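Protein chains: 2
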Amino acid sequence: MTDGTLATWNDTSARAAIVEFVERVTTEGGPDYVPRPERVATFDNDGTLWCEKPMPIELGFILQRLTEMADADPSLREKQPWKAAAERDYHWLSDVITKHYHGDDTDVRVLMAGMLQAFAGMSVEGYAHAADAFLRGGTHPTLGRAFHACGYAPMIELLAFLEAHGFTNYIASGGDRDFMRPITEDVYRIPPERVIGSSNALRYLEDEHGGTVTYAAEPDVFDDGPVKPIRIWSRIGRRPILAGGNSNGDIPMLQYAGGRDRPALRLLVLHDDPEREFDYTAGAEKSLETAATQGWTVVSIKSDWNTVFADAPA
Amino acid sequence: MTDGTLATWNDTSARAAIVEFVERVTTEGGPDYVPRPERVATFDNDGTLWCEKPMPIELGFILQRLTEMADADPSLREKQPWKAAAERDYHWLSDVITKHYHGDDTDVRVLMAGMLQAFAGMSVEGYAHAADAFLRGGTHPTLGRAFHACGYAPMIELLAFLEAHGFTNYIASGGDRDFMRPITEDVYRIPPERVIGSSNALRYLEDEHGGTVTYAAEPDVFDDGPVKPIRIWSRIGRRPILAGGNSNGDIPMLQYAGGRDRPALRLLVLHDDPEREFDYTAGAEKSLETAATQGWTVVSIKSDWNTVFADAPA
Chain A
0 MTDGTLATWN
10 DTSARAAIVE
20 FVERVTTEGG
30 PDYVPRPERV
40 ATFDNDGTLW
50 CEKPMPIELG
60 FILQRLTEMA
70 DADPSLREKQ
80 PWKAAAERDY
90 HWLSDVITKH
100 YHGDDTDVRV
110 LMAGMLQAFA
120 GMSVEGYAHA
130 ADAFLRGGTH
140 PTLGRAFHAC
150 GYAPMIELLA
160 FLEAHGFTNY
170 IASGGDRDFM
180 RPITEDVYRI
190 PPERVIGSSN
200 ALRYLEDEHG
210 GTVTYAAEPD
220 VFDDGPVKPI
230 RIWSRIGRRP
240 ILAGGNSNGD
250 IPMLQYAGGR
260 DRPALRLLVL
270 HDDPEREFDY
280 TAGAEKSLET
290 AATQGWTVVS
300 IKSDWNTVFA
310 DAPA
Chain B
0 MTDGTLATWN
10 DTSARAAIVE
20 FVERVTTEGG
30 PDYVPRPERV
40 ATFDNDGTLW
50 CEKPMPIELG
60 FILQRLTEMA
70 DADPSLREKQ
80 PWKAAAERDY
90 HWLSDVITKH
100 YHGDDTDVRV
110 LMAGMLQAFA
120 GMSVEGYAHA
130 ADAFLRGGTH
140 PTLGRAFHAC
150 GYAPMIELLA
160 FLEAHGFTNY
170 IASGGDRDFM
180 RPITEDVYRI
190 PPERVIGSSN
200 ALRYLEDEHG
210 GTVTYAAEPD
220 VFDDGPVKPI
230 RIWSRIGRRP
240 ILAGGNSNGD
250 IPMLQYAGGR
260 DRPALRLLVL
270 HDDPEREFDY
280 TAGAEKSLET
290 AATQGWTVVS
300 IKSDWNTVFA
310 DAPA
């Protein structure tokens with residue numbers, strides 16, 4: 000490729016697979032042609048579109064809030080997850096995710112109980128404002144970049160490439176939907192109505208200003224594993240033809256792409272670049288096995304990307 | 000107005016309120032200017048965008064399915080709602096909705112239990128196919144029109160008018176989301192991803208074709224009353240500035256429009272035209288009271304519309 004298409008991608012089989020697939024589904028009269036409205040692409044966010052190590056960015060936001068709570072109420076400091084937050088115990092926190100990927104949700108439940116307390120009673124607008132300030136103002140602990148600039152340049156370029164070819168891109172993340180929404184338009188050109196993710200339960204409270212939607216202290220959707228295709232259908236009403244993920248929790252979404260009558264491209268991001276990003280497969284073992292047996296396209300950060308991070312959007 | 004704008008609307012205060020509001024929020028530099036992405040409009044469907052009498056169109060679809068079930072299994076014929084379906088007892092069925100609007104959900108639960116059985120195990124694609132065939136092939140029992148042509152011409156024209164002024168239209172219906180989706184693009188120019196509504200719970204079942212999303216025999220969301228603003232936020236991540244409804248179940252959605260910092264237009268369709276459509280206020284009493292006290296725009300079918308029904312889309 001010499002036309003500047005996907006310039007942050009090296010000239011490898013991963014890029015060739017993307018270009019070939021897009022050409023195939025956009026060739027009118029061709030056997031695999033897919034009309035524009037049906038060109039739906041869904042992407043996981045953490046570890047697929049942006050960096051999730053040493054811990055998911057959202058966790059930093061939750062920690063900040065839990066620390067504020069522990070500062071205000073010292074009795075919380077002996078109790079998880081407030082204890083880990085107040086002591087900046089990143090090991091405990093990182094293990095929560097790794098254990099989850101291995102099927103042990105004990106600590107996920109402890110963390111989620113804390114999260115539910117952390118934002119209970121907050122309005123969706125207040126939460127969006129706090130998330131926006133955190134994401135635009137905070138800095139990644141090891142990369143030294145604004146959180147806002149932790150998106151992968153090749154994936155951002157891929158989203159634009161797909162959009163230019165009539166695709167509609169969605170995020171389908173295990174992370175909190177409303178945490179991402181304030182910045183997805185600027186970072187990925189994906190507006191809030193195309194962000195699917197986890198959420199706490201919401202309540203509508205009447206007031207003199209047209210009512211307020213607020214978070215309740217109870218979970219609603221955990222958008223991971225088999226829940227991903229379900230939420231994708233619920234929100235879009237169409238089956239995607241392209242899906243991108245990076246972990247075991249993305250397997251059902253990747254499998255769901257295409258279906259009986261349509262072609263599909265499944266991208267699995269492999270974190271194998273300790274120099275420029277991180278090197279880990281914890282939580283991704285089954286997805287890598289499935290990719291190997293089913294011929295999914297594995298995207299190696301080390302080999303397939305000549306650039307990893309983009310500058311923050313203006 | 001002599002420019003053909005909203006030509007199916009009479010030159011009354013309702014039409015003037017719409018035109019004035021749209022002008023106000025689209026006037027750059029004006030005090031009430033709203034940027035395009037924030038121009039979100041949400042509409043109830045049954046009784047607001049299309050006819051809901053003598054019974055909601057969806058109920059006809061459910062009846063058809065329940066009748067098939069009762070034909071196949073005679074023991075069901077002595078049991079509601081199969082009995083009403085098999086005997087074409089429209090009175091029992093119509094009362095279900097009226098009772099619901101008055102706060103009595105006994106029969107709604109009976110009907111919903113039947114509905115859950117009716118579609119349990121069906122794939123979302125199979126259901127969409129059946130709904131599509133019913134809506135395009137069936138005829139309204141008293142109007143003699145295709146169901147597909149039971150949309151109100153002035154509301155369809157309003158949707159197009161809003162779209163032409165940079166609005167994004169959504170349906171937020173108490174009716175079943177997936178029942179409407181196959182035809183909303185053709186009838187209202189609203190694609191499936193912008194249809195919000197009630198739904199049974201879904202399951203993801205693995206298979207050799209990328210998995211199938213199917214309906215479970217349990218309810219998930221009943222998108223009515225205070226649930227409407229919650230689902231609107233969940234799906235869109237924005238607060239609408241325009242909302243249209245016709246019943247008590249739409250009050251929270253109508254109140255939610257605008258909010259603290261934005262202007263709002265709230266439209267309440269009044270069914271007062273027994274000649275051309277129907278004449279009823281059952282289930283709309285509180286919404287009409289609220290409209291009167293809060294200055295919402297009541298749209299009289301008799302006085303404000305010179306045409307009621309459009310031809311079926313080509």
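Heads up: the protein sequence lines correspond to chains A and B, in order.
Each residue of the first sequence is one higher than the last, beginning at 0 in numbering that gives the first Met the number 0.
Each residue of the second sequence is one higher than the last, beginning at 0 in numbering that gives the first Met the number 0.
All C-beta atoms in this analysis are idealised placements derived from N, C-alpha and C, irrespective of residue type, glycine included.
All figures in this text were calculated on a predicted structure; none of them were measured in a lab.
Beta-carbon proximity list for residue i, same chain, < 8 Å, skipping 5 on both sides
| i | result |
| --- | --- |
| ILE170 (chain A) | THR41, PHE42, ASP43, ASN44, LEU48, MET179, THR183, TYR187, ILE189, ARG193, VAL194, ILE195, GLY196 |
| ILE240 (chain B) | VAL24, VAL33, GLU37, ARG38, VAL39, ALA40, ALA256, GLY257, ARG261, PRO262, ALA263, LEU264 |
| HIS270 (chain B) | GLY46, LYS52, ASN245, GLU276, PHE277, ASP278, TYR279, THR280, ALA283, ILE300 |
| THR105 (chain A) | LYS98 |
| ALA117 (chain A) | ILE61, ARG64, LEU65, MET68 |
Sequence-distant residues of its chain with Cβ nearer than 6 Å to residue i (five each side left out)
| i | result |
| --- | --- |
| GLY174 (chain B) | ASN44, ASP45, GLU57, GLY196 |
| GLY243 (chain B) | PHE42, THR47, LEU266 |
| LEU50 (chain B) | Going by the sequence as given, residue 50 (chain B) is Cys instead of Leu. So the list reads CYS149, once near-sequence residues are dropped. |
| GLY102 (chain A) | none |
| ARG202 (chain B) | THR213, ALA215 |
| LEU253 (chain A) | ALA242, GLY244, ARG265 |
| ASP223 (chain B) | GLY173, GLY248 |
| VAL21 (chain B) | HIS164 |
| THR306 (chain A) | THR7, ALA152 |
| MET154 (chain A) | LEU48 |
Backbone CA spacing between residue i and residue j [nearest angstrom]
| i | j | result |
| --- | --- | --- |
| PHE160 (chain A) | SER93 (chain B) | 51 Å |
| VAL18 (chain A) | THR213 (chain A) | 43 Å |
| ARG144 (chain B) | PHE166 (chain B) | 30 Å |
| VAL123 (chain A) | HIS99 (chain A) | 27 Å |
| VAL268 (chain B) | ASP278 (chain B) | 12 Å |
| GLY59 (chain B) | ARG135 (chain B) | 13 Å |
| MET0 (chain A) | GLY294 (chain A) | Reliability of the predicted coordinates at MET0 (chain A) is poor, the pLDDT of 43 falling under 50, and no value is obtained from them. |
| ARG275 (chain A) | ALA216 (chain A) | 39 Å |
| MET54 (chain B) | ILE61 (chain B) | 11 Å |
| THR138 (chain A) | PHE146 (chain A) | 5 Å |
| ARG234 (chain A) | ARG234 (chain B) | 7 Å |
| VAL95 (chain A) | GLY210 (chain B) | 29 Å |
| PRO225 (chain A) | TRP232 (chain B) | 23 Å |
| GLU90 (chain A) | ASP272 (chain A) | The question names Glu, but residue 90 (chain A) in the sequence shown is His. Looking at the two C-alpha atoms, the distance is approximately 21 Å. |
| TRP304 (chain A) | GLU205 (chain B) | 32 Å |
| TYR151 (chain A) | TYR126 (chain A) | 25 Å |
| PRO191 (chain A) | ASP219 (chain A) | 19 Å |
| PRO251 (chain B) | ARG237 (chain A) | 29 Å |
| PHE308 (chain A) | LYS52 (chain A) | 14 Å |
| THR66 (chain B) | LEU115 (chain B) | 14 Å |
| LEU157 (chain A) | LEU5 (chain A) | 7 Å |
| GLY3 (chain A) | ASP185 (chain A) | 22 Å |
| PRO228 (chain A) | GLU207 (chain B) | 15 Å |
| MET128 (chain A) | GLY120 (chain A) | The amino acid at residue 128 (chain A) is misidentified as Met; the sequence shows His. Whole-angstrom Cα-Cα distance: 15 Å. |
| ALA132 (chain B) | THR141 (chain B) | 20 Å |
Residues sharing a beta bridge with residue i, DSSP
| i | result |
| --- | --- |
| ALA171 (chain B) | B:ILE195 |
| ASP265 (chain A) | Rather than Asp, the amino acid found at residue 265 (chain A) in this sequence is Arg. A:ALA242, per the DSSP bridge assignment. |
| SER299 (chain A) | A:LEU269 |
| VAL212 (chain B) | B:TYR203 |
| PHE308 (chain B) | B:TYR151 |
| TYR279 (chain B) | B:HIS270 |
| PRO80 (chain A) | In DSSP, PRO80 (chain A) forms no bridge with anything. |
| SER220 (chain A) | Rather than Ser, the amino acid found at residue 220 (chain A) in this sequence is Val. DSSP, once it has assigned bridges, lists A:SER198 as partnering VAL220 (chain A). |
Cut-off 7 Å between Cβ atoms - residues of its own chain near residue i, not counting five sequence neighbours on either side
| i | result |
| --- | --- |
| ASP72 (chain B) | none |
| VAL109 (chain A) | GLN79, PRO80 |
| SER246 (chain A) | GLY46, TYR100, GLY282, ALA283, SER286 |
| ARG76 (chain A) | ALA69, LYS82, ALA85 |
| ARG176 (chain B) | VAL194, ILE195, GLY196, SER197, SER198 |
| GLY29 (chain B) | ARG23 |
| MET111 (chain A) | PRO218 |
| ASP310 (chain A) | ALA148 |
Segments of 3+ residues assigned as beta strand (DSSP E) that fall wholly inside the stretch 1 to 71 of chain B: 39 to 42
Secondary structure, alpha helix (DSSP H): runs of 4+ residues fully inside the stretch 87 to 166 of chain A: 89 to 100, 105 to 118, 123 to 136, 152 to 163
Inter-stretch contact (C-beta, 8 Å, three-pair minimum) for the stretch 6 to 13 of chain A and the stretch 292 to 308 of chain A: yes
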